[in-house]
Amino acid sequence: KDAAGDVSVQLELFEGYLKVGDRQGNPNVADLGNLAGAKESYSKALRAAEDLRARNPKDARFQHNVARADIKLVALSEFSGNPAEALKNYRQALGILESLGSADRGVQRSLLIASDGIGTEQGQLGDTSGALNSFQSSLQIAKELYAVHPNDSPAHPRVAVSYPQLGRAVADYRAGPEGVESEKRGR
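Numbering (the numbering used here), first residue to last: 344 to 530.
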């Protein structure tokens, strides 16, 4: 059967490309250090996700997969020292995720990662006001995710990590005591 026409095969390929990319060179997990191979695998995942989305434009899961692949590619941009490219890709993923308006836990986690990443890149580019807003958004998403799913292991550390990030952004923005208090909450 033609893999391009079979949705379940395309989804398996998408997930497979993400897993292979992670093992090849995702800087956020143990990997083989093959950034070029990871970029190729993530790009293949993105193409598969975009193809599925084009054939099923109303299916939120396919839109979410495009954002997931974008976020994987962003990790490589961050690692290679290109914050402007990373910021562009995070914003692209965030736009897709926000359009979903979903309470789906996976979408919420991706929103959290994208908001957090945008704040990090804005900070690196010297946009402390933008970073502050992004980290506030990230913290709010993390708190909402944790409130609904208190046993969700990724949600709790994200709340804890968001406070110091917000504190550093506030301190950089010259808001002093608020930054110190936010950083203390994260410890």
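Every residue, glycine too, gets a C-beta built ideally from N, C-alpha and C.
Does the beta-carbon of residue i have 16 or more other beta-carbons within 10 angstroms, so that it is buried, or is it exposed?
i: GLU355; result: exposed
i: VAL409; result: buried
i: ASN494; result: exposed
i: ALA412; result: buried
i: ASN432; result: buried
i: SER477; result: buried
i: GLY469; result: exposed
Any idea what DSSP makes of residue i, helix, strand or coil?
i: GLY466; result: helix
i: LEU455; result: helix
i: ASN432; result: helix
i: ASN408; result: helix
Would you call the CB atoms of residue i and residue j closer than 8 Å?
i: ILE461; j: LEU416; result: no
i: SER458; j: LEU437; result: yes
i: ALA381; j: ASN369; result: yes
i: GLN451; j: ILE484; result: yes
i: GLN367; j: LEU375; result: yes
Since I believe residue j is in contact with residue i (beta carbons under 8 Å), could you give me their beta-carbon distance rounded to a whole number of angstroms?
i: LEU440; j: SER453; result: 5 Å
i: LEU395; j: PHE405; result: 4 Å
i: SER384; j: VAL363; result: 5 Å
Can you give me the Cβ contacts of residue i inside the same chain, cut-off strictly under 7 Å, excluding the 5 residues immediately before and after it?
i: LEU455; result: SER481, ILE484, ALA485, LEU488, ARG501
Cutting at 6 Å between CB atoms, please list the residues of its own chain near residue i, excluding the five before and the five after it.
i: HIS407; result: VAL450
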